[in-house]
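Listed in order, the protein sequences are those of chains B and P.
Residues 1 to 153 (the working numbering) make up the first sequence, in order.
Residues 1 to 153 (the working numbering) make up the second sequence, in order.
All C-beta atoms in this analysis are idealised placements derived from N, C-alpha and C, irrespective of residue type, glycine included.
Structure, as C-alpha cells:
There are 2 protein chains.
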Amino acid sequence: MTSSKGLKLTRQRQIILEELRKVRTHPTAIEVYTMVRRRLPRISLATVYRNLEELAAAGLIQKLTLAGSRKRFDGTVEEHCHIRCLKCDRVDDVAQVLVPPIVEDVETLHGYQLLGHHLELFGICPRCQEKARERREGPSHSQAGREAKQKER
Amino acid sequence: MTSSKGLKLTRQRQIILEELRKVRTHPTAIEVYTMVRRRLPRISLATVYRNLEELAAAGLIQKLTLAGSRKRFDGTVEEHCHIRCLKCDRVDDVAQVLVPPIVEDVETLHGYQLLGHHLELFGICPRCQEKARERREGPSHSQAGREAKQKER
DNA sequence: CTGAATGCAAATTGTTTGCATGTTC
DNA sequence: GAACATGCAAACAATTTGCATTCAG
Numbered sequence: 001m002t003s004s005k006g007l008k009l010t011r012q013r014q015i016i017l018e019e020l021r022k023v024r025t026h027p028t029a030i031e032v033y034t035m036v037r038r039r040l041p042r043i044s045l046a047t048v049y050r051n052l053e054e055l056a057a058a059g060l061i062q063k064l065t066l067a068g069s070r071k072r073f074d075g076t077v078e079e080h081c082h083i084r085c086l087k088c089d090r091v092d093d094v095a096q097v098l099v100p101p102i103v104e105d106v107e108t109l110h111g112y113q114l115l116g117h118h119l120e121l122f123g124i125c126p127r128c129q130e131k132a133r134e135r136r137e138g139p140s141h142s143q144a145g146r147e148a149k150q151k152e153r
Numbered sequence: 001m002t003s004s005k006g007l008k009l010t011r012q013r014q015i016i017l018e019e020l021r022k023v024r025t026h027p028t029a030i031e032v033y034t035m036v037r038r039r040l041p042r043i044s045l046a047t048v049y050r051n052l053e054e055l056a057a058a059g060l061i062q063k064l065t066l067a068g069s070r071k072r073f074d075g076t077v078e079e080h081c082h083i084r085c086l087k088c089d090r091v092d093d094v095a096q097v098l099v100p101p102i103v104e105d106v107e108t109l110h111g112y113q114l115l116g117h118h119l120e121l122f123g124i125c126p127r128c129q130e131k132a133r134e135r136r137e138g139p140s141h142s143q144a145g146r147e148a149k150q151k152e153r
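Take a look at the structure:
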C-alpha cells in the first residue's frame, strides 16, 4: 500500500500521511504542518503543501471541497459529508450518506454533465453549545475556552 | 427599498448592486470590480470588497458559501443551490430545490445543533462539453476557446 | 547516479486595514 | 458638519514557485 504512482517514500511524506491519518479533524495545511513539525522540526511548509497535493493526486488522501478559504485534508478517501461549526470552524464527519437521489434531474435542466456533488452542513458543535450555555447561565466557573475562532477570509 | 441599515447610498454602492443584479453568474469580488469599473473607472478594489460585505450584511445581496478560495456573490437573496463547471469554474444556479429532508437526523447523531446546509453540484457546463467535442472530432474549425480556466488555489 | 523531493526565500493571489480626504444625509 | 465612504497604499494570510542542495531508489 505504498506508492502506486512513482512517489518516493520520503520521511516527510510518510510522516505527513501518518499524522493526517491519525486525526479525525480535517486539518488545513498549516495545521498539518504544526502536527508534523513535532516529529520533523526542520520540515518546511512548502513541503507540506506539495505533499498534501501529491498525496491527494495519488489518491492516498482526500483534498476536501469545503466552503471557506483554507483547504482542508482528510486522511481517509471514502466519500462522506461534513458538518462545520459556525462558531469555532471545526469540521466533523457526518456518518450517514445524506445525498438526495433527485440530483440527477438537473443534468437535463441545465445542460450540465453532472459529475459529483457535495453536501455540507452547518451548525454549532457540542463544545460551542456548552460554552454558550455556561456564558448564558453566568460566567461563574468559566472553564477557559478551548477554541479560537479562526477568522475565515 | 433603499437602506434599512444606515447604509448611505453612494454612487459606487449603487452601481455595485446594479451590476451584480444584472448578471446571473456568481462573480468574485474582482469580477465585480471589473464590471463596475466600466462605469466607475476610478473605483478602488477595496471599496468593492467593503461594499460587497456590507451589502451582504444588510441582506441586499448574498455572499455565497461555495467551495474554492474566492468568495462569490449573488445579486439575489433567495436560497438556491449551485452547479460549478470543473473545467472553466463557472457557477450556475440550479432551479429546483434539491435538499434532502433526511438531513435533520444528524442533529442527534453528532450533538451538533444544525443550522443550515449547502449543496453544491459539480459537472461540465454545456460550453465546455461543446469545446471537448470539437477537440475530439478534430480541431478543424477551432473556434478560439472562450473560457480561461481560473486556477483555484 | 539521477530524477525526484526538500528547504528556504521570494513571488502570487485574494482580501483586509489605516488613514487622509471626499461625500451623503 | 458629522458620520460614514472612498481611494490608495501598505499589511496580511494562504498558497505557490524558483533554485541550489539532498536523498531515495
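- Taking the Cβ atoms as the reference, B/C85 lies roughly 13 angstroms from B/V94, outside the contact range of under 8 angstroms.
- By the Cβ rule, the segment 11–30 of chain P does not count as touching the segment 108–124 of chain B, because fewer than three pairs are nearer than 8 angstroms.
- Within chain B, the C-beta atoms nearer than 8 angstroms to that of P/G111 come from C125, P126, Q129, in chain order.
- Contact annotation, P/R37 with P/I30: C-beta distance approximately 10 angstroms; criterion of less than 8 angstroms not satisfied.
- Contacts with chain P at 7 angstroms (Cβ-Cβ) include B/S69.
- As a beta-bridge residue in DSSP terms, B/K63 pairs with B/F73.
- Less than 7 angstroms separates the beta-carbon of B/F73 from that of B/L52.
- Residue burial annotation: P/K8 is exposed, with fewer than 16 other C-beta atoms found within 10 angstroms of its C-beta.
- Within the model, the alpha-carbon separation for B/T34 versus B/P27 is close to 10 angstroms.
- Counting along the chain, P/R136 sits inside the alpha helix (DSSP H) bounded by residues 126–136.
- Straight through space, the alpha carbons of B/R24 and B/L66 are spaced by roughly 16 angstroms.
- With a threshold of 7 angstroms between beta carbons, B/T47 makes no contact with chain P.
- Here B/G111 is not near P/P41, since their CB atoms are 7 angstroms or more apart.
- Contact between P/V77 and P/I61 is confirmed by a C-beta separation of about 7 angstroms, below the 8 angstroms threshold.
- The beta carbons of B/S69 and B/E134 sit no closer together than 7 angstroms.
- The alpha-carbon of B/C128 is positioned some 48 angstroms away from that of P/K131.
- Contacts with chain B at 7 angstroms (Cβ-Cβ) do not include P/E78.
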